[in-house]
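Asker: With the working numbering applied, the sequence shown covers 2 to 264. Structure in structure tokens, see below.
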Amino acid sequence: MFIGKIAWITGASSGIGEALVKEFVKRGGTVIASSNDMPGLERVKAACGDKSSMVHCVPFDLSDTSVISDVVDLQVKERGRLDFLFNIGGISQRARIDETPIWLDRKIFEINYFGTISLTKAVLPHMVRQQSGHILATSSISGRFGFPLRSAYSASKQALHGFFETLYLENKKNNIRSSMIIPGRVRTSISIHALNAEGKEHGKLDDGQKKGITPEKAAEIILKGMLRNKREILVGKEELLILHIRRYFPWLFFRIADKIKST
Ligand SMILES: NC(=O)c1ccc[n+]([C@@H]2O[C@H](COP(=O)([O-])OP(=O)(O)OC[C@H]3O[C@@H](n4cnc5c(N)ncnc54)[C@H](OP(=O)(O)O)[C@@H]3O)[C@@H](O)[C@H]2O)c1
Numbered sequence: 002m003f004i005g006k007i008a009w010i011t012g013a014s015s016g017i018g019e020a021l022v023k024e025f026v027k028r029g030g031t032v033i034a035s036s037n038d039m040p041g042l043e044r045v046k047a048a049c050g051d052k053s054s055m056v057h058c059v060p061f062d063l064s065d066t067s068v069i070s071d072v073v074d075l076q077v078k079e080r081g082r083l084d085f086l087f088n089i090g091g092i093s094q095r096a097r098i099d100e101t102p103i104w105l106d107r108k109i110f111e112i113n114y115f116g117t118i119s120l121t122k123a124v125l126p127h128m129v130r131q132q133s134g135h136i137l138a139t140s141s142i143s144g145r146f147g148f149p150l151r152s153a154y155s156a157s158k159q160a161l162h163g164f165f166e167t168l169y170l171e172n173k174k175n176n177i178r179s180s181m182i183i184p185g186r187v188r189t190s191i192s193i194h195a196l197n198a199e200g201k202e203h204g205k206l207d208d209g210q211k212k213g214i215t216p217e218k219a220a221e222i223i224l225k226g227m228l229r230n231k232r233e234i235l236v237g238k239e240e241l242l243i244l245h246i247r248r249y250f251p252w253l254f255f256r257i258a259d260k261i262k263s264t
């Protein structure tokens, strides 16, 4: 299905991004796999078995936007084109507003927002030249509302909605598609790597996370939604109901969210 197609996938060393790499190459495509963790990327490449030659590991730090356009230009020169950009890489948070220093808010924004839009801005001119492409970004259900202990995370994900809706509206004429991935709970390391008030790893797999769908199932839902050209791809199970509650019964949402432990 993806034979001859090239996808750039960030967050490729773990969780949802890793599962997407494996599924994309299984279906015949080529992947540029990125994260900040070269050994992790090499592990994912090796796990692709007889398809591992279809995976090209390109590590970079999403928070270092100064390198991104050179990295993109080099890859496009080498591969000739780029069909899909999956912006999956990101980091979460477990700290109250009153204990989160501003440098930590900025760090989360650098990775989740500025890193993602820098890569997108670097890729966009190549897709405009091709007059084709599909760019996906990853929000969260908490990119649709505020949530205790995730002020900067929620805000960084909400910012992505404004950017990517604009990208869609401006580039429909260039035949460039855009989708927002909105995961609920997926069983990955996201809560383990989430940053606490000191900027250190939270280090725990949260109970909610344990109940989530597998990353493999998430990858399947994302690719299906993308092929149907969905503007928003909801990824999860019953927890996604909260999106409808927030929209149609905001008073009920606040009653539920009020019960979340925030100390
Ligand atoms: N799992 C869920 O329940 C859930 C729910 C809502 C939204 N999401 C979103 O889904 C996306 C994928 O998360 P996941 O659940 O798969 O978590 P994960 O297993 O922790 O994966 C996160 C990925 O992002 C990469 N990353 C983090 N900081 C980076 C940086 N500074 N530079 C480059 N890469 C960086 C990590 O690579 P390194 O090894 O380089 O750090 C890793 O590959 C995230 O955007 C997350 O916010 C997940």
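For each residue, glycine too, the CB sits at the ideal point set by N, CA and C.
1. According to DSSP, simplified to helix, strand and coil, what is P68?
2. Are there 16 or more other CB atoms within 10 angstroms of the CB of P184, so buried, or fewer, so exposed?
3. What's the call for I92, buried or exposed, on a 16-neighbour Cβ count within 10 Å?
4. Given a threshold of 16 other Cβ atoms within 10 Å of its Cβ, counted over all protein chains shown, does A48 qualify as buried or as exposed?
5. Using the C-alpha atoms, what's the distance from S155 back to Y249?
6. Label M55 either buried or exposed according to how many other C-beta atoms from any shown protein chain fall within 10 Å of its C-beta, with 16 as the threshold for buried.
7. With DSSP as the reference, label Q94 as helix, strand or coil.
8. Grab me the residues of S179's own chain with a C-beta within less than 6 angstroms of its C-beta, minus the 5 sequence neighbours each way, in chain order.
9. When you compare the region 118 to 136 with the region 67 to 86, are there three or more beta-carbon pairs, one atom per stretch, that lie closer than 8 angstroms?
10. Buried or exposed: V26, going by 16 or more other Cβ atoms within 10 Å of its Cβ?
11. Can you name the residues that DSSP bridges to S157?
12. For Q159 and G144, I'd like the C-alpha separation in whole angstroms.
13. Mapping DSSP to helix, strand and coil, what is R248?
14. Report the option in S133, V68, G5 and A258 whose CA atom is closest to the CA atom of R151.
15. Please classify G50 as buried or exposed, where buried requires at least 16 other C-beta atoms within 10 Å of its C-beta.
16. DSSP state of N88, grouped into three classes?
17. Short check: CB of I193 to CB of G209, under 7 angstroms?
18. Take D62 and list the residues in its own chain whose beta-carbon comes closer than 7 angstroms to its own, dropping the five residues that flank it on each side.
19. Taking the straight line between their C-alpha atoms, what separation do you get for T117 and I69?
20. Any chance the CB of V22 is under 6 angstroms from a heavy atom of ligand 1?
21. Which of helix, strand or coil does DSSP assign to M2?
22. Between the Cα of I223 and the Cα atoms of K212, Q131 and G237, which residue gives the shortest distance?
23. Please tell me whether, using a cut-off of 6 angstroms, the distance from the CB of H194 to the nearest non-hydrogen atom of ligand 1 is below it.
24. Below 7 angstroms between beta carbons: does that hold for E100 and A195?
Answerer: On the basis of the data shown:
1. The residue you call residue 68 lines up with position 67 of the sequence shown. A quick correction: the sequence has Val, not Pro, at residue 68. Judged by DSSP in its simplified three-state form, V68 adopts helix.
2. As a working mapping, residue 184 is identified with position 183 in the sequence shown. Around the beta-carbon of P184, 16 or more other beta-carbon atoms lie within 10 Å, marking it buried.
3. The sequence position of residue 92 within the sequence shown is 91, counting from 1. Answer is buried; the Cβ neighbour count reaches 16.
4. Taking the first residue of the sequence shown as 1, we reach residue 48 at position 47. By the C-beta density criterion, A48 is exposed, having fewer than 16 other C-beta atoms within 10 angstroms.
5. As a working note, residue 249 is residue 248 in the sequence shown. As a working note, residue 155 is residue 154 in the sequence shown. Those two C-alpha atoms are separated by around 20 angstroms.
6. Within the sequence shown, residue 55 is the residue found at index 54, counting from 1. Buried, by the Cβ-count rule.
7. To locate residue 94, count along the sequence shown from 1; it is residue 93. Three-state result, Q94: strand.
8. The residue given as residue 179 occupies position 178 in the sequence shown. Contacts found: I136, F165, L168 and Y169.
9. Touching, yes.
10. Position 25 of the sequence shown holds residue 26. Around the CB of V26, 16 or more other CB atoms lie within 10 Å, so the residue is classed as buried.
11. Looking up residue 157 in the sequence shown gives position 156. Under DSSP, S157 forms no beta bridge with any residue.
12. One-based indexing of the sequence shown puts residue 159 at position 158. One-based indexing of the sequence shown puts residue 144 at position 143. In a straight line, the C-alpha of Q159 is about 5 angstroms away from that of G144.
13. Here the question's residue 248 lines up with position 247 in the sequence shown. In the three-state DSSP reduction, R248 falls in the helix class (H, G or I).
14. For the purposes of this step, residue 151 is taken as the residue at position 150 of the sequence shown. Comparing Cα-Cα distances from R151 to each of S133, V68, G5 and A258, the minimum goes to A258.
15. For the purposes of this step, residue 50 is taken as residue 49 along the sequence shown, with counting starting at 1. G50 is exposed by the Cβ-count criterion.
16. For this step, residue 88 is matched to residue 87 along the sequence shown. Three-state DSSP puts N88 in a strand.
17. Locating residue 193 in the sequence shown gives position 192, counting from the first residue. Locating residue 209 in the sequence shown gives position 208, counting from the first residue. No, the pair does not count as a contact, with Cβ atoms beyond the cut-off.
18. Residue numbering aside, residue 62 sits at position 61 when the sequence shown is read from its first letter. Within the same chain, D62 has close Cβ partners N37.
19. As a first step, residue 117 is located in the sequence shown; it is residue number 116 there, counting from the start. As a first step, residue 69 is located in the sequence shown; it is residue number 68 there, counting from the start. In this structure, the CA atom of T117 is about 10 angstroms from the CA atom of I69.
20. Position 21 of the sequence shown, counting from 1, holds the residue named residue 22. Incorrect: V22 has no Cβ contact closer than 6 angstroms to ligand 1.
21. Working through the sequence shown from its first residue, we reach residue 2 at position 1. In the structure shown, M2 sits in coil (DSSP, three-state: anything other than H, G, I, E or B).
22. Position 222 of the sequence shown holds residue 223. Comparing C-alpha distances from I223 to each of K212, Q131 and G237 shows the shortest one belongs to G237.
23. The residue labelled residue 194 in the question sits at position 193 within the sequence shown. Correct: H194 has its Cβ closer than 6 angstroms to ligand 1.
24. Position 99 of the sequence shown, counted from the start, is the residue given in the question as residue 100. Position 194 of the sequence shown, counted from the start, is the residue given in the question as residue 195. Against a cut-off of 7 angstroms, the Cβ pair of A195 and E100 comes out as no contact.
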